[in-house]
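**Q** Below is one structure. I have some questions about it.
Residue numbers (our numbering): 929 to 1173.
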């Protein structure tokens, strides 16, 4: 499906990012996997090699290293000459606490990672994505908490609301190009972030990041031409055959 495609996946060392990088590579893409954790990136590389399809370039990078993100586009252009897919997955939860108790440092980290890093990625990678015949950019949202605010989740919710506005605006700006930009709302999945957010939850009742991959790959594919959509995994799962019709 993605033979000869070049894809960037952020937050690729675990959870949804790991599963996405693995799935794209399994379908033929070369994945530029970005994350802070070297050991987990190496595990990802081993998994990709074991599948015998696709390949990866590991980029151990803090997503708030904005200078590095600013250089990323030119580095990819020089080495690969193109970029077809961007999956902006890296995110932080912050603290589940009343807004009045949220520390300024934590607030700033939420904005830096969940919003500003994605802005810098867009700024750096936009020319390459627009130049692709089938450019696709998918960003992980959390629309439920944006639409239905919950006590103590204010910092995270505000950052995701800002991200949603950023991506929806970007989608409007590129709508006359070949690039398609969408938001994927994964809902509650069995991830480390979810376990930290809801520590008493029975994780076994949750879907895994692997369960999300058919929908993720659909959004990345050249056959998916919708733009500026917020695609909800739970709604898709309930009516897979008719969801996009």
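Built from N, CA and C at the ideal position, the CB exists for glycine as well.
State the start and end residues of the unbroken alpha helix (DSSP H) segment that holds residue 1143.
**A** Within the chain shown, numbered from 1, the residue matching residue 1143 stands at position 215. Its alpha helix (DSSP H) spans residues 1137-1148.
**Q** Look at residue 941 and residue 957 and say whether their C-beta atoms are less than 8 Å apart.
**A** The residue given as residue 941 occupies position 13 in the chain shown. The residue given as residue 957 occupies position 29 in the chain shown. Taking 8 Å as the Cβ cut-off, residue 941 and residue 957 do not qualify as a contacting pair.
**Q** Got a sec, what are the start and stop residues for the beta strand (DSSP E) residue 938 sits in?
**A** Indexing the chain shown from 1 puts residue 938 at position 10. Where residue 938 is concerned, the enclosing beta strand (DSSP E) stretches over 934-938.
**Q** Counting only the same chain and skipping the five closest in sequence on each side, list residues whose C-beta sits under 7 Å from that of residue 992.
**A** To locate residue 992, count along the chain shown from 1; it is residue 64. The residues are 1040, 1041 and 1045.
**Q** For residue 1011, which residues in the same chain have their Cβ closer than 7 Å to its Cβ, ignoring the five residues on either side in sequence?
**A** By 1-based counting over the chain shown, the position of residue 1011 is 83. Excluding positions up to five away in sequence, the list reads 934, 936, 1004, 1053, 1056, 1057 and 1060.
**Q** Could you tell me the alpha carbon to alpha carbon distance between residue 1018 and residue 1170, rounded to whole angstroms?
**A** Translated into positions along the chain shown, residue 1018 becomes position 90. Translated into positions along the chain shown, residue 1170 becomes position 242. Answer to the nearest angstrom: the Cα atoms are 30 Å apart.
**Q** Please state the DSSP three-state secondary structure of residue 1083.
**A** Taking the chain shown and counting its residues from 1, one reaches residue 1083 at position 155. DSSP places residue 1083 in helix when its eight states are reduced to three.
**Q** Count the other CB atoms within 10 Å of the CB of residue 974; is the residue buried (16 or more) or exposed (fewer)?
**A** What you label residue 974 is simply residue 46 of the chain shown in a count that begins at 1. It counts as exposed.
**Q** If we call anything under 8 Å between Cβ atoms a contact, is residue 1087 one with residue 1043?
**A** To locate residue 1087, count along the chain shown from 1; it is residue 159. To locate residue 1043, count along the chain shown from 1; it is residue 115. The answer is yes: Cβ separation under 8 Å.
**Q** State the start and end residues of the unbroken beta strand (DSSP E) segment that holds residue 961.
**A** Here residue 961 refers to the residue found at position 33 when the chain shown is read from its first residue. Element bounds for residue 961: 958-963.
**Q** Give every residue of the same chain whose Cβ lies closer than 6 Å to the Cβ of residue 1099, excluding the five residues on either side of it in the sequence, and list them in chain order.
**A** Your numbering for residue 1099 matches position 171 in the chain shown. Same-chain partners within the cutoff: 1109, 1155 and 1156.
**Q** If you reduce the DSSP assignment to three classes, tell me which class residue 1003 lands in.
**A** As a first step, residue 1003 must be located in the chain shown, where it is residue number 75. Reduced to three states, the DSSP call for residue 1003 is helix.
**Q** Give the DSSP-derived three-state secondary structure of residue 1064 in the structure shown.
**A** Counting from one through the chain shown, the residue named residue 1064 turns up at place 136. Reduced to three states, the DSSP call for residue 1064 is strand.
**Q** Quick check on the DSSP output: the beta strand (DSSP E) that includes residue 1108 runs from which residue to which?
**A** Taking the first residue of the chain shown as 1, we reach residue 1108 at position 180. Residue 1108 -> beta strand (DSSP E) spans 1108-1113.
**Q** Which class does residue 1016 belong to by DSSP, given the choice of helix, strand or coil?
**A** If you number the chain shown from 1, residue 1016 lands on position 88. DSSP places residue 1016 in strand when its eight states are reduced to three.
**Q** Quick test of your reading: residue 1048 and residue 997, contact by CB under 8 Å. State the CB separation rounded to the nearest angstrom.
**A** As a working mapping, residue 1048 is identified with position 120 in the chain shown. As a working mapping, residue 997 is identified with position 69 in the chain shown. The Cβ separation is near 4 Å, so the contact holds.
**Q** Round the Cβ separation of residue 954 and residue 987 to the nearest angstrom and send it over; I've been treating them as touching at under 8 Å.
**A** Residue mapping note: residue 954 aligns to position 26 of the chain shown, counting from 1. Residue mapping note: residue 987 aligns to position 59 of the chain shown, counting from 1. The pair is not a contact, with the Cβ atoms about 20 Å apart (cut-off 8 Å).
**Q** With a Cβ-Cβ cutoff of 8 Å, do residue 1149 and residue 1113 count as a contact?
**A** Walking along the chain shown from the start, residue 1149 turns up at place 221. Walking along the chain shown from the start, residue 1113 turns up at place 185. Going by C-beta atoms, residue 1149 is not nearer than 8 Å to residue 1113.
**Q** In chain order, what residues of the same chain lie with their CB nearer than 8 Å to the CB of residue 1103, ignoring the 5 residues before and after it?
**A** Position 175 of the chain shown holds residue 1103. Excluding residues within five positions, the ones whose Cβ falls inside 8 Å are 1155 and 1156.
**Q** Report the partner residues of residue 986 according to the DSSP bridge assignment.
**A** Position 58 of the chain shown holds residue 986. 961.
**Q** Residue 976 and residue 983 - do their beta-carbons sit closer together than 8 Å?
**A** Counting from 1 along the chain shown, the entry for residue 983 is found at position 55. Counting from 1 along the chain shown, the entry for residue 976 is found at position 48. Going by C-beta atoms, residue 983 is nearer than 8 Å to residue 976.
**Q** Helix, strand or coil: how does DSSP classify residue 1073 here?
**A** Within the chain shown, the letter at position 145 stands for residue 1073. In the structure shown, residue 1073 sits in a helix (DSSP, three-state: H, G or I).
**Q** Starting from residue 973, trace the beta strand (DSSP E) both ways and give me its first and last residue.
**A** As a first step, residue 973 must be located in the chain shown, where it is residue number 45. Here residue 973 belongs to no beta strand (DSSP E); instead the alpha helix (DSSP H) covers 966-979.
**Q** In this structure, how does DSSP classify residue 1117 when only helix, strand and coil are distinguished?
**A** For this step, residue 1117 is matched to residue 189 along the chain shown. Here residue 1117 sits in strand by DSSP.
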